[in-house]
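Just so we're aligned, residue 1304 is where the sequence shown starts under my numbering, counting upward by one. To start, the structure under review is shown below, and the notes come after it.
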Amino acid sequence: MIDTKIINIASNTKFVGLKNDFTHKSSLKNSLCGDLIKVEIIANKSKIKSMRYETESCILCEASASLLANKIKKFNLKDLLNDLKSLQKIKKSNNLDFPLKFIELKQLLNEKTIKRIDCVTLPMEALSKAFKIG
C-alpha cells in the first residue's frame, strides 16, 4: 500500500501541464513499466528558472516529478548537472546515498518501493536527457 505522504506529494499539480515555453525539453519512457514523462525547462547559463511536466505514470514517478519541479528553481545549473551525473551512478549501484539536493526522494523509497527506483528517478533522467548528460 502506498503511504498517504506519497499521495499528498503526488497530488501537488502546481507544475503539471506543458506550456510549450522552454529552453530545454525531453520525453522519456521507463522501459520496465511504461511510465512516461515529458518535461519543459526554462534555464539560462547559470540557473534553472522553472520546470513543468506531464506524466502518464505511477504515483511514485508523479511524486518524484512534483518534488523536483518544486525545488528546481533554487538550483545552480552547474551543480545540478553534476548531481544528475551522480544520481546515475547511485541508481546503478543501488546505493541510496542521494545528493543533498535530492534527499527528499528517500521518502519515496522504502522496503516496499525500493525495487521501483526507476520510477522515482525517471524525472531526473528526463532532466539529464534534456541537458544531454550521459
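We put the beta carbon where it would ideally sit given N, CA and C, even for glycine.
For residue i, the nearest candidate out of the options (CA to CA)
i     : options                    : result
S1360 : K1352, K1381, P1402, S1334 : S1334
A1433 : V1423, A1346, V1319        : A1346
D1421 : A1313, C1336, N1315, L1321 : C1336
T1416 : E1343, I1351, S1367, K1352 : S1367
L1321 : I1305, E1343, A1429        : E1343
Between the CA atoms of residue j and residue i - distance to the nearest angstrom
i     : j     : result
I1340 : N1373 : 16 Å
I1436 : K1388 : 7 Å
K1376 : S1431 : 16 Å
K1352 : K1418 : 32 Å
K1350 : D1306 : 33 Å
G1323 : M1354 : Here the sequence assigns Asn to residue 1323, which means Gly is not the residue at that position. Rounded to the nearest angstrom, the two C-alpha atoms are 11 Å apart.
C1392 : D1338 : The sequence given here places Lys at residue 1392; Cys does not occur at that position. So the two alpha carbons sit approximately 21 Å from each other.
Cβ pair residue i, residue j closer than 8 Å
i     : j     : result
L1370 : E1407 : yes
M1427 : L1390 : yes
Test: residue i CB closer than 8 Å to a CB of chain D
i     : result
N1311 : Annotation note: the requested chain D is absent from the structure, which comprises a single protein chain.
Cβ neighbours of residue i in the same chain (closer than 8 Å, five flanking residues each side left out)
i     : result
K1348 : L1380
K1404 : K1374, F1378, D1382, L1383, D1386
Same chain, Cβ closer than 7 Å to residue i, neighbours up to 5 away in sequence not counted
i     : result
A1313 : I1362, E1365, A1366, S1369
V1319 : Y1356, E1357
I1310 : I1362
Residues near residue i in its chain [Cβ-Cβ closer than 6 Å; skip 5 each side]
i     : result
T1424 : K1394
P1402 : D1386, S1389
A1429 : S1329, L1331, I1340, V1342
N1315 : S1369
Cβ contact check for the stretch 1327 to 1346 and the stretch 1404 to 1417: 3 or more pairs under 8 Å: no
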